[in-house]
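Worksheet for the structure shown next.
Number of protein chains: 2
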Amino acid sequence: MAAMSADVDLVFKALAAPERRLLLDRLRARNGQTLGELCAHLEMTRQAVTKHLRVLEKASLVVCIWQGREKLHYLNPVPIHEIGEKWIGKYERGRLRALSELKKKLEENENG
Amino acid sequence: MAAMSADVDLVFKALAAPERRLLLDRLRARNGQTLGELCAHLEMTRQAVTKHLRVLEKASLVVCIWQGREKLHYLNPVPIHEIGEKWIGKYERGRLRALSELKKKLEENENG
DNA sequence: TTGACATGCAACCAATAGGTTGCCTATTAT
DNA sequence: ATAATAGGCAACCTATTGGTTGCATGTCAA
């Protein structure tokens, strides 16, 4: 059960491309798809999709399992969960304070 | 009070660089810093930092207010909150199911 | 008013990302 | 056995990114 979580930086970088977030969404809708299935209806060559999937894999967002000549892709929810818990969580804590600071400054700036 | 939230893609792209996440962390520690302050102890020219800050600004993660010749930078917590709610939230819902699917497949693969 | 300070703007450069094409390998089905 | 299918690998191209340097502008302080 190794490498369920991953380097935060790899995860953020992987999530930065809309094509890759789309692939994750596809897997969320139906897990365990082959490369061919993931390619369908995408305006890209198979090789390009492979590259995106490799980025997702390096970030541990996707785990691949070979079954004969087919490569099945499974979503690993752990890294996304961790980003939510550890990274976004930090900002949630000071959130309301930061928001009111910002609003106050913006008003000062308009009126003053 | 315009543009508190932002295009999800711009936010993800802005968060993809560790330098920019560091800048956000700095502002979380002390809000309202000037460009000069944000540059201190960074191994980069002022102009490079400016570019990173512009990316954060375009993503509405940072809001700037001019005060004389100084540009103050404020953290806007809204986009991060929205990413957490809308995007990460989607994956949290199916999380435990996806995790057990994955583990099952991994075990099948090892033993079978 | 003159100098120092805070920042902006533009041109330029190297590295990386994202895509393509072409060809190779392994597995399945006829 | 052979053909079709699923996918990998490598070379290549272009656009973008992340940084630099040099110079210009506006504000504050002596």
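In order, the protein sequences belong to chains A and B.
Residues 197 to 308 in the working numbering are what the first sequence spells out, letter by letter.
Residues 197 to 308 in the working numbering are what the second sequence spells out, letter by letter.
Every residue gets a Cβ at the ideal spot worked out from N, C-alpha and C, and that includes glycine.
Exercise. Count the other CB atoms within 10 Å of the CB of W283/A; is the residue buried (16 or more) or exposed (fewer)?
Worked result: buried
For this session: Determine contact between the segment 215-226 of chain A and the segment 217-227 of chain B, defined as no fewer than three beta-carbon pairs at a distance below 8 Å.
Result: no
For this session: Taking only beta-carbon positions, decide if L238/B is within less than 8 Å of chain A.
Result: no
Exercise. Does the distance from the C-beta atom of L268/A to that of I261/A stay below 8 Å?
Worked result: yes
For this session: Identify the contact partners of A212/A in chain B, using a Cβ-Cβ distance below 7 Å as the criterion.
Result: Going along chain B in sequence order, the residues near A212/A (Cβ under 7 Å) are F208, K209 and A212.
For this session: Apply the 10 Å Cβ neighbour rule to H248/B and answer buried if 16 or more other Cβ atoms are within range, or exposed otherwise.
Result: It is buried - the Cβ of H248/B has at least 16 other Cβ atoms within 10 Å.
Exercise. Exposed or buried, which one is Q263/A when buried takes at least 16 other CB atoms within 10 Å?
Worked result: By the neighbour-count rule (16 or more Cβ atoms within 10 Å), Q263/A is not buried but exposed.
Exercise. Where does T230/A sit, in a helix, a strand or coil, going by DSSP?
Worked result: strand
Exercise. To the nearest angstrom, how far is it from the Cα of E281/B to the Cα of L206/A?
Worked result: 21 Å
Exercise. By Cβ distance below 6 Å, which residues in the same chain neighbour Y270/A in space, the five residues on each side in sequence not counted?
Worked result: N227, G228 and V259
Exercise. In chain order, what residues of the same chain lie with their CB nearer than 6 Å to the CB of C141/A, ignoring the 5 residues before and after it?
Worked result: Past the edges of chain A, shown from 197 to 308, lies residue 141/A, and the structure says nothing about it.
Problem set entry | Interface residues of chain B facing A294/A [CB-CB closer than 7 Å] | Around A294/A, the beta-carbon contacts reaching into chain B at under 7 Å are N227, L271 and P273.
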